[in-house]
Amino acid sequence: MNGAMHVGQGDFAAALLDAGRECPRGLRTWNGSDPNARFAVYRNNVLVSLVDALADTFPVCCELVGETFFRAMARVFVTDHPPRARVLAFYGREFPAFVSTFAPAASVPYLADVARLEMTRLEACHAADALPLPLSEIAAVLATPAQLPGLRVRLHPSVAVLRSKYAVHSLWAAHQGEGDLSAVDPMLAEAVLVLRAGFDVRCVLLDPASAVFIDDLVHGAELGAAHHAASLLDPAFDLAAALGLVLQHEIITARLTGDHDHEHTC
Amino acid sequence: MSSHRSEMRRTAGAPTLPARAGLGLKPAHFEAVLSTCPDIGFFEVHAENYMVPGGSLPHFLERIREQYALSVHGVGMSIGAEAALDRTHLDALAALVARYEPQSFSEHLAWSTHGDVFLNDLLPVPYTAATLARVCAHVDQVQSHLGRSMLLENPATYLEFEASTMSEPEFISEVVRRTGCGLLLDVNNIHVSCVNHGRDPHAYVRALPLDQVGEIHLAGFATQTDAAGDPLLIDSHGAPVAEVVWALYAEVITLTGAVATLIERDNDVPAFDVLLAEAHRADRTLCGQAGQNMADSVRVRRVVQVPA
């Protein structure tokens, strides 16, 4: 030991995430200049790289509130919720909940749900691969209607249903150049089916009952139970149309039978 | 401390990157790479970017790996951390290496985690006996876990520690000697750090174990000033390789011979052709050195007439 001040990584890390703190003692510069100016490079690297990551994941949110507001909000999030994983792909899972409680964003009540949709899309983008159940298997299932109420299926790992009090699908679509943003009433409830077809992540607008139906399937419900829940919400629920949507997007990857999830896969 | 170290020394049978220029692989360039099959020595990816369950990233990396040599470059192992290495991350890395069978795996002489927080930057370590023991133990652990040797990259730093008792080249040389790891020589980092700490880059280079260099990195930097008004260079990976770094690279290559050389670009990534042009410039330097080596071997057999 040379008697010099030891700089613990805990002190270093704490000062990185708190712009109000001095840099740790025990740092030196060759020209005797203030180490705080140089420490700011590390602090900036951490903050800017993580804010950039959030801006990449939530581009529609960024457009909705403007880049300046978004980046200021993201800086607060980064400081309060630094990543807990070394894989940054899914950084921001807590961002929608943060946005919903971020007072300066209260005038944009739908922002948190748009963030939820963007995070759901990211999860779908990187979800595990799975092949759709072959048409012959599907046909065999449909050929025995008596078994349909007890049928359980596994949907593609990318599939998720997002139900919102706000027009999240229309808001998102308008930012993809689909439709006119000024014509969107953000206060209308919408539900979205998110799925990955090939490498293409898609958002499909759902009626409320179909959203209940597919969401129940995602969570392993029997077809009959999902049908019942959807019909409770909307007596006019069209089972054939909802099943048609599921088949059209080829999101069934396995048929589950019995109590132990014995799978029939391709 | 352990007998496996000497076994970790890179041997003739171990996979190595070709002594050519390579490029960082960007998702925006997947299609261009597969459709145009550019003449490039290898591609490099950040390990953590491909630690995802599925989707386009693993798919395209597999397809491109079928046609090109691959370098897997980790940014999240936190080898310089005071804490133990993360077993889960080691397992994820081992799975990645098993799946893509890269010719090279490299990591940084830096730390990026504290507790369970990942700071997403390459943070500096003091060059002390205690750090040396820890870094060597961590490099040993990575190499044992992967069953192969790794390359350790010299850092770009903005601050030094009062507690340091050895120079950066001394520290790195000792890690290489003790662990048998190779050296990923980042020539841009050498220039950046030497400017930032008032050091001589030519002496720095010559103080390293250049016979253990398994790969070279070239990148661009940004220029700021510190509190005294002196230049402070930032390792930005957001600009073309600077002329001063090309010059240092040419000097390095005369000392190391031709070595796999990556053009690193992570920010403001330009069109693929622009990066390819930089890679071809590195290739010309490498070819020039290969030609020089041949010329040298011819010249020694000749009597050169020097005009009076």
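If you read the sequences in order, they're chains A and B. FYI, my numbering numbers position 23 of the first sequence as 745, with every residue one higher than the one before it. FYI, my numbering numbers position 104 of the second sequence as 425, with every residue one higher than the one before it. Each residue gets a CB set at the ideal place from its N, CA and C atoms; glycine is no exception.
Inset, instruction - Output the residue ranges of the alpha helix (DSSP H) runs that lie fully inside the segment 548-596 of chain B and measure 4 residues or longer, sorted by chain position. - result: Counting whole runs of 4 or more residues, the segment 548-596 of chain B contains the alpha helix (DSSP H) stretches 564-577.
Inset, instruction - Take the Cβ of serine 557(B) as the centre, count every other Cβ of all protein chains shown within 10 Å, and call the residue buried at 16 or more, exposed below. - result: Looking at its Cβ environment, which holds 16 or more other Cβ atoms inside 10 Å, serine 557(B) is buried.
Legend entry - chain A contacts from the segment 546-559 of chain B (Cβ-Cβ distance under 7 Å): Cβ contacts with chain A: Asp547, Ala548, Ala549, Asp551, Leu553 and Ile555.
Inset, instruction - Quick one: measure Cβ to Cβ for histidine 891(A) and cysteine 847(A), integer angstroms, because I've assumed they're closer than 8 Å. - result: Not quite, the Cβ-Cβ distance comes to about 17 Å (not below 8 Å), so this is no contact.
Inset, instruction - Mind checking the segment 427-450 of chain B against chain A and listing, in chain order, the residues whose C-beta falls within less than 9 Å of any C-beta there? - result: For the segment 427-450 of chain B, which is checked against every Cβ of chain A, the residues closer than 9 Å are Trp432, Ser433, Thr434, His435, Gly436, Asp437, Val438, Phe439, Leu440, Asn441, Asp442, Leu443, Leu444, Pro445, Val446, Pro447, Thr449 and Ala450.
Legend entry - Helix, strand or coil at leucine 472(B) according to DSSP, with G and I counted as helix: In the three-state reduction of the DSSP assignment, leucine 472(B) falls in the strand class.
Legend entry - Runs of alpha helix (DSSP H) wholly within the segment 395-421 of chain B (minimum 4 residues, chain order): Whole alpha helix (DSSP H) segments, 4+ residues: 408-421.
Legend entry - Run of the beta strand (DSSP E) containing histidine 367(B), from where it starts to where it stops: It spans 363-367 - the beta strand (DSSP E) in which histidine 367(B) sits, taken as one unbroken run.
Inset, instruction - Determine the DSSP secondary structure at tryptophan 752(A), reduced to helix, strand or coil. - result: Here tryptophan 752(A) carries a coil assignment [DSSP, helix/strand/coil].
Inset, instruction - Quick one: list the residues of chain A neighbouring valine 372(B), beta-carbon separation under 7 Å, in chain order. - result: Here the sequence assigns methionine to residue 372(B), which means valine is not the residue at that position. Going along chain A in sequence order, the residues near methionine 372(B) (Cβ under 7 Å) are Val809.
Legend entry - the segment 462-485 of chain B: positions lying closer than 7 Å to chain A by Cβ: Those would be Tyr479, Leu480, Glu481, Phe482, Glu483 and Ala484, in chain order.
Legend entry - 8 Å Cβ cutoff, aspartate 851(A) in contact with chain B: With its beta carbon less than 8 Å from one in chain B, aspartate 851(A) belongs to the interface.
Inset, instruction - Can you grab the Cα-Cα spacing for the pair valine 809(A) / glutamate 369(B), in whole Å? - result: Roughly 5 Å separates the two Cα atoms.
Inset, instruction - Evaluate contact between the segment 430-438 of chain B and the segment 351-366 of chain B, counting only Cβ atoms and requiring at least three cross-stretch pairs below 8 Å. - result: The segment 430-438 of chain B makes no contact with the segment 351-366 of chain B, as fewer than three CB pairs between them are under 8 Å.
Inset, instruction - Measure the Cβ-Cβ separation of isoleucine 400(B) and valine 366(B) and say whether it is below 8 Å. - result: Between isoleucine 400(B) and valine 366(B), the CB-CB gap reaches or exceeds 8 Å.
Inset, instruction - Verify the CB distance criterion: does glutamate 585(B) have a CB-CB separation below 8 Å to chain A? - result: So, not an interface residue.
Inset, instruction - Output the residue ranges of the beta strand (DSSP E) runs that lie fully inside the segment 419-500 of chain B and measure 3 residues or longer, sorted by chain position. - result: For the segment 419-500 of chain B, whole beta strand (DSSP E) runs of length 3 or above, ordered along the chain, are 425-429, 432-435, 438-444 and 472-474.
Inset, instruction - Could you check the C-alpha separation between alanine 976(A) and proline 879(A) for me, to the nearest Å? - result: Rounded to whole angstroms, alanine 976(A) to proline 879(A) spans 11 Å at the Cα level.
Inset, instruction - Put glutamate 845(A) into one of helix, strand or coil per three-state DSSP. - result: Helix, per DSSP.
Inset, instruction - List the residues of chain B that methionine 727(A) touches, going by C-beta distances under 9 Å, in chain order. - result: By Cβ distance, chain B contributes Phe482, Glu483 and Ala484.
Legend entry - CB contact check: arginine 918(A) to chain B, cutoff 8 Å: Yes, its Cβ sits closer than 8 Å to a Cβ of chain B.
Inset, instruction - Indicate whether leucine 504(B) and valine 513(B) have their beta-carbon atoms separated by less than 8 Å. - result: No, Cβ-Cβ distance for leucine 504(B) and valine 513(B) is not below 8 Å.
Inset, instruction - May I ask you to verify whether the segment 579-597 of chain B touches the segment 515-522 of chain B, counting CB pairs closer than 8 Å and requiring at least 3? - result: Taking one beta carbon from each stretch, the segment 579-597 of chain B and the segment 515-522 of chain B have fewer than 3 pairs nearer than 8 Å; the two do not touch.
Legend entry - Under the three-state DSSP convention, the category aspartate 929(A) falls into: Note: aspartate 929(A) maps to coil in three-state DSSP.
Inset, instruction - Identify the continuous beta strand (DSSP E) that holds leucine 978(A) and give its terminal residues. - result: 974-979 is the span of the beta strand (DSSP E), which, as asked, contains leucine 978(A).
Legend entry - Near-chain B residues of the segment 828-851 of chain A (beta-carbon distance less than 9 Å), N- to C-terminal order: Within the segment 828-851 of chain A, the qualifying residues are Ala846, Cys847, His848, Ala849, Ala850 and Asp851.
Legend entry - Any chain A beta carbon closer than 8 Å to aspartate 495(B): In the sequence under discussion, the amino acid at residue 495(B) is glutamate, which differs from the aspartate named in the question. So, not an interface residue.
Legend entry - Contact with chain B by leucine 855(A), beta-carbon distance below 8 Å: So no, leucine 855(A) is outside the interface.
Legend entry - Beta-carbon proximity list for alanine 895(A), same chain, < 6 Å, skipping 5 on both sides: Answer for alanine 895(A): Gly901, listed in chain order.
Inset, instruction - Given a cut-off of 8 Å, decide if histidine 538(B) and valine 565(B) are closer than it, judged by their beta-carbon atoms. - result: Valine 565(B) is not a Cβ neighbour of histidine 538(B), given a cutoff of 8 Å.
Inset, instruction - Check whether the Cβ atoms of isoleucine 936(A) and valine 968(A) lie closer than 8 Å to each other. - result: Closer than 8 Å, so yes.
Inset, instruction - Measure the alpha-carbon distance for leucine 531(B) versus valine 393(B) and round it to whole angstroms. - result: Taken atom to atom, the span from the alpha-carbon of leucine 531(B) to that of valine 393(B) is near 21 Å.
Inset, instruction - Would you tell me roughly how many angstroms separate the C-alpha atoms of glutamine 898(A) and valine 883(A), rounded to the nearest one? - result: The straight-line gap from Cα to Cα measures roughly 20 Å.
Inset, instruction - Answer with yes or no whether the minimum CB distance from glycine 284(B) to chain A is below 8 Å. - result: No answer is possible for residue 284(B): it lies beyond the span of chain B, which begins at 322 and ends at 629.
Inset, instruction - Put alanine 353(B) into one of helix, strand or coil per three-state DSSP. - result: Residue state, collapsed to three classes: helix.
Legend entry - Buried versus exposed, by CB contacts within 10 Å (16 or more), methionine 727(A): Per the 10 Å Cβ criterion, exposed.
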